[in-house]
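Scroll down for the structure; my scribbles are underneath it.
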Amino acid sequence: MPETDAGQSNSPGATPLSRRAAGTILAAVGFIYAVLVVSHWNKGYLDFGDGNYMYISWRLSQGAILYRDVVAPQPPVHLILGSFIARLGSLFEHPLFAFRSFSLLLHLATMVLVYLCTLRVVGGNSTEARESQRATGIVAASIYLLLPIGFWWTLGYQSQPIQIFWLLSSFLLLISWQPSRAVGAGALMALAPLTNMTSAPYALFSLVYLGVRRPRLLAFYAIPLITIVAGVIGYMEWRTGAYFECVIHNQAGAFPRQEFLQPGQTPMTYVLGKILREGRNVLDLEGGYVLLALLGLARFARRGPEETREYASFYGFLAMCSIVYVAKGGTVDYIFTIGEPFVAIFGAYLVTSCWQAHVRGSWREWSWNNFAPAAQLVALVAIALVVGYNGLIHSYGTLKQRSYELPEYETMQLVRDMQKATAPADLVLSPPMYAFLAQRKIAEDYSELLLWTLKYANEKADKKPARGVEVVNQIASLLDAKKIAYIVLETGQTGRISEITDAIARSYDPTRKDPMSTLNTRLMFYKPKP
Numbered sequence: 015m016p017e018t019d020a021g022q023s024n025s026p027g028a029t030p031l032s033r034r035a036a037g038t039i040l041a042a043v044g045f046i047y048a049v050l051v052v053s054h055w056n057k058g059y060l061d062f063g064d065g066n067y068m069y070i071s072w073r074l075s076q077g078a079i080l081y082r083d084v085v086a087p088q089p090p091v092h093l094i095l096g097s098f099i100a101r102l103g104s105l106f107e108h109p110l111f112a113f114r115s116f117s118l119l120l121h122l123a124t125m126v127l128v129y130l131c132t133l134r135v136v137g138g139n140s141t142e143a144r145e146s147q148r149a150t151g152i153v154a155a156s157i158y159l160l161l162p163i164g165f166w167w168t169l170g171y172q173s174q175p176i177q178i179f180w181l182l183s184s185f186l187l188l189i190s191w192q193p194s195r196a197v198g199a200g201a202l203m204a205l206a207p208l209t210n211m212t213s214a215p216y217a218l219f220s221l222v223y224l225g226v227r228r229p230r231l232l233a234f235y236a237i238p239l240i241t242i243v244a245g246v247i248g249y250m251e252w253r254t255g256a257y258f259e260c261v262i263h264n265q266a267g268a269f270p271r272q273e274f275l276q277p278g279q280t281p282m283t284y285v286l287g288k289i290l291r292e293g294r295n296v297l298d299l300e301g302g303y304v305l306l307a308l309l310g311l312a313r314f315a316r317r318g319p320e321e322t323r324e325y326a327s328f329y330g331f332l333a334m335c336s337i338v339y340v341a342k343g344g345t346v347d348y349i350f351t352i353g354e355p356f357v358a359i360f361g362a363y364l365v366t367s368c369w370q371a372h373v374r375g376s377w378r379e380w381s382w383n384n385f386a387p388a389a390q391l392v393a394l395v396a397i398a399l400v401v402g403y404n405g406l407i408h409s410y411g412t413l414k415q416r417s418y419e420l421p422e423y424e425t426m427q428l429v430r431d432m433q434k435a436t437a438p439a440d441l442v443l444s445p446p447m448y449a450f451l452a453q454r455k456i457a458e459d460y461s462e463l464l465l466w467t468l469k470y471a472n473e474k475a476d477k478k479p480a481r482g483v484e485v486v487n488q489i490a491s492l493l494d495a496k497k498i499a500y501i502v503l504e505t506g507q508t509g510r511i512s513e514i515t516d517a518i519a520r521s522y523d524p525t526r527k528d529p530m531s532t533l534n535t536r537l538m539f540y541k542p543k544p
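The opening residue of the sequence shown carries number 15 in my numbering; numbering runs sequentially from there.
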């Protein structure tokens, strides 16, 4: 049987951290993070998905029916939860900061889950062994807050942070391998694919693992998982009549089709090229952390506690493979946030294991006759810089709004123009973030720009007009009747649909000569002709 690291104290001192000391340090780390984030809250346009999901949530809070009235690509948990946040936010000046508060609290709760999962993974089922790994848990929680892609992505109201919370909660319960906790793990896992369908492979892996390795737990886990997922999906399809169209069919339509690719390109070369490109972006920002995590995983697979070693190793590696989801249209490097908790867990495991074996106490050997510990210190500082520098620069840029779609000043200037040109009951045609900030309804709730554009293009290519073409024609009719009071046209999406652009040309005048450029888009502005 291989030697294990469980039960060995990885703390820099001679004895493990007490529960109070660990809790105090963890609270301090979370407090510093919260102060940093809250002090930089603003009304800037962070990301399209953030604005889209806040807009959809706001519309649901007004009585719109998900999928039937508002097209959305995600399962319902994320958006129904968002509707409650929007209702709560309506009690204040603007619901935006209710969403920002939720995102902050969720990320801090996930940090605590990373800490607890680290103790369970590295310490196994022994209480004494878990207690000895508190320092490892604190390092993991700290790394998790530092990871730059997650730092940026979790500032907004996205589905992945909620999904990750369910995945980690389920993981934490399941690896105790107790029937009662397996029931809770199955129920929590059910919420993950009901938040984002990219969770489905992790649920399937857990089912297969239990069936092969721990069959006595399979029913305890599978019954609540399958019952909740099937029940919610069945109810949503019955209630809306459009769940499968929006969540399954529209998402499948986001994968590349041959007729929409560049000459000489195939769907396979497109997918491989995108995975390599987005994977390179992840490595540019988090490559050092990923390397530490993979080395830590390799060590853990050999020396981790027997009861968690196999499942946690495979689960963590599969989570880090989440980058392959970029094959779907509209998905980029942010999807790697699914793997970030395990980057933090296994990276921390390696760091504290190496500290225990090679660093702790070495300063006592420092003397005029032995400056080797100084070289060790320099090497450790250099490693920290190599691992963290790019990420820290990116996170600093995020705080300065450099990774925003549009910084606050320009965003609010655009929103004020929309509010001045319209009454609260007027319709607009706009990317959803601007409409959400202005509290204006988008015509036909045409907020999911990429999926609407793809849906329209697919229906045209297949010569089978359906909801995509119908909604475009309805918007064109509203434009011809000048019933849309203000237009912010995203030229790369809605601006590619001829029925809409032709109607705009007939009935609207541009309010500026040249398009406005944001981080990823170009916008043109229109008002009805006299």
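Each residue gets a CB set at the ideal place from its N, CA and C atoms; glycine is no exception. Since this is a predicted model, take the numbers as computed values, not measurements.
Spatial neighbours of L364 in its chain, beta-carbon cut-off 7 Å, leaving aside the 5 residues before and after: Here residue 364 is taken as the residue at index 350 of the sequence shown, counted from 1. Excluding positions up to five away in sequence, the list reads L306, L309, G310 and R313.
Whole-Å CB distance - R526 paired with F539, under 8 Å assumed: Within the sequence shown, numbered from 1, the residue matching residue 526 stands at position 512. Within the sequence shown, numbered from 1, the residue matching residue 539 stands at position 525. Going by Cβ atoms, the distance from R526 to F539 rounds to 6 Å, so yes, they are a contact pair.
Cutoff 7 Å; reference F450; Cβ partners in own chain excluding five residues on either side: Within the sequence shown, numbered from 1, the residue matching residue 450 stands at position 436. Contacts found: G65, M68, Y69 and W72.
Y325, enclosing alpha helix (DSSP H) - first and last residue: Numbered from 1 along the sequence shown, position 311 holds the residue referred to as residue 325. Run containing Y325: E320 to M334, per the alpha helix (DSSP H) assignment.
Span of the beta strand (DSSP E) around M432: Your numbering for residue 432 matches position 418 in the sequence shown. Taken as a continuous stretch (DSSP letters only), M432 belongs to no beta strand (DSSP E), being part of the alpha helix (DSSP H) at E422 to A435.
Neighbour-count burial assignment, R316, 16 or more Cβ in a 10 Å radius: Stepping through the sequence shown from its first residue, residue 316 is reached at position 302. By the C-beta density criterion, R316 is exposed, having fewer than 16 other C-beta atoms within 10 angstroms.
Where I289 sits in the DSSP three-state scheme: Position 275 of the sequence shown holds residue 289. It is helical.
Candidates A475, Y418 and W466, of which the one nearest D61 by Cα: Your numbering for residue 61 matches position 47 in the sequence shown. Closest by C-alpha distance to D61, out of A475, Y418 and W466, is Y418.
Bounding residues of the alpha helix (DSSP H) (the contiguous stretch that carries E484): Here residue 484 corresponds to residue number 470 of the sequence shown, with the count starting at 1. For E484, the uninterrupted alpha helix (DSSP H) segment begins and ends at R481 to D494.
Contained alpha helix (DSSP H) runs [length at least 4] in the segment 180-212, N- to C-terminal order: Counting only unbroken stretches of 4 or more residues, the alpha helix (DSSP H) elements lying wholly within the segment 180-212 are 193-205, in sequence order.
Close-in-space but distant-in-sequence residues of the same chain around P175 (CB under 6 Å, 5 per side omitted): Here the question's residue 175 lines up with position 161 in the sequence shown. Within the same chain, P175 has close Cβ partners L120 and T168.
Touching by the beta-carbon criterion (3+ pairs, under 8 Å), the segment 99-107 and the segment 491-508: Taking a cut-off of 8 Å for Cβ pairs, the segment 99-107 and the segment 491-508 do not touch, as fewer than three such pairs fall below it.
Assigned exposure category for K288 - 16 Cβ within 10 Å defines buried: Along the sequence shown, read from residue 1 onward, the residue named residue 288 stands at position 274. K288 is classed as buried because its beta carbon has at least 16 other beta carbons within 10 Å across all chains shown.
The segment 347-358 / the segment 155-163 touching (three or more Cβ pairs under 8 Å): By the Cβ criterion, the segment 347-358 is in contact with the segment 155-163, since at least three pairs of Cβ atoms, one from each stretch, lie closer than 8 Å.
Rounded Cβ spacing between Y460 and I498 (contact assumed at less than 8 Å): Counting from one through the sequence shown, the residue named residue 460 turns up at place 446. Counting from one through the sequence shown, the residue named residue 498 turns up at place 484. Contact doesn't hold; Cβ gap of about 10 Å is too wide.
R253, enclosing alpha helix (DSSP H) - first and last residue: Mapped onto the sequence shown, residue 253 falls at position 239. In the DSSP assignment, R253 falls within the alpha helix (DSSP H) that extends over P229 to T254.
Environment of E324 [buried if 16+ CB atoms lie within 10 Å]: What you label residue 324 is simply residue 310 of the sequence shown in a count that begins at 1. Looking at its Cβ environment, which holds fewer than 16 other Cβ atoms inside 10 Å, E324 is exposed.
Beta bridge counterpart(s) of R7 as assigned by DSSP: The chain is shown from 15 up to 544; residue 7 falls before or after that span and cannot be answered.
Counted within 10 angstroms of its Cβ, other Cβ atoms place N383 as buried (16 or more) or exposed: Counting from one through the sequence shown, the residue named residue 383 turns up at place 369. Label assigned to N383: exposed.
Short Cβ contact (7 Å threshold) for L80 with L93: For the purposes of this step, residue 80 is identified with residue 66 of the sequence shown, where counting begins at 1. For the purposes of this step, residue 93 is identified with residue 79 of the sequence shown, where counting begins at 1. Yes, they are a contact pair.
As assigned by DSSP and simplified to three states, the class of E504: Taking the sequence shown and counting its residues from 1, the one referred to as residue 504 is at position 490. In this structure, E504 counts as strand in the three-state DSSP scheme.
8 Å contact criterion, which Y158 and P421 should meet: CB distance rounded: Walking along the sequence shown from the start, residue 158 turns up at place 144. Walking along the sequence shown from the start, residue 421 turns up at place 407. Distance from Y158 to P421 at the Cβ level is roughly 27 Å; contact not present, criterion being Cβ atoms closer than 8 Å.
Identity of the residues DSSP links to N384 by a beta bridge: What you label residue 384 is simply residue 370 of the sequence shown in a count that begins at 1. Per DSSP, S381.
Alpha-carbon to alpha-carbon, M447 and M530: Numbered from its first residue, the sequence shown carries residue 530 at position 516. Numbered from its first residue, the sequence shown carries residue 447 at position 433. Rounded to the nearest whole angstrom, the C-alpha separation of M530 and M447 is 16 Å.
Proximity to M432 [Cα-Cα], best of C368, E320 and P542: To locate residue 432, count along the sequence shown from 1; it is residue 418. The shortest C-alpha separation from M432 is found at P542.
Outcome for A41 when other beta-carbon atoms lying within 10 angstroms are tallied against a minimum of 16: The residue you call residue 41 lines up with position 27 of the sequence shown. Flag for A41 reads exposed.
Cα-Cα separation between E145 and L218, rounded to whole angstroms: Working through the sequence shown from its first residue, we reach residue 145 at position 131. Working through the sequence shown from its first residue, we reach residue 218 at position 204. The alpha-carbon separation between E145 and L218 amounts to approximately 31 Å.
Pair within 7 Å by beta-carbon distance, L239 and V91: Looking up residue 239 in the sequence shown gives position 225. Looking up residue 91 in the sequence shown gives position 77. Not in contact: L239 and V91 (Cβ atoms no closer than 7 Å).
M250 burial status per 10 Å Cβ neighbour count (16 or more: buried): Residue numbering aside, residue 250 sits at position 236 when the sequence shown is read from its first letter. The residue in question, M250, is buried, as its Cβ has 16 or more Cβ neighbours within 10 Å.
Candidates G245, L182 and Y339: closest to Y284 by CA position: For this step, residue 284 is matched to residue 270 along the sequence shown. The residue from G245, L182 and Y339 with its alpha-carbon nearest to that of Y284 is Y339.
CA nearest to the CA of T508, picked from K496, P109, R536 and D523: Stepping through the sequence shown from its first residue, residue 508 is reached at position 494. The shortest Cα separation from T508 among K496, P109, R536 and D523 belongs to R536.
Exposure label - R430; buried when at least 16 CB within 10 Å: In the sequence shown, residue 430 corresponds to position 416, counting from 1. That one is exposed.
Sufficient close CB pairs (3 or more, under 8 Å) joining the segment 397-406 to the segment 292-302: Segments in contact, yes.
A154 in three-state terms, based on DSSP: If you number the sequence shown from 1, residue 154 lands on position 140. In the structure shown, A154 sits in a helix (DSSP, three-state: H, G or I).
For I498: DSSP bridge partner residues: Locating residue 498 in the sequence shown gives position 484, counting from the first residue. According to the DSSP secondary-structure assignment, I498 is paired through a beta bridge with L441.
Span of the alpha helix (DSSP H) around P524: Reading the sequence shown from its first residue, position 510 is the one you call residue 524. P524 -> not in any alpha helix (DSSP H); beta strand (DSSP E) instead, spanning Y522 to P524.
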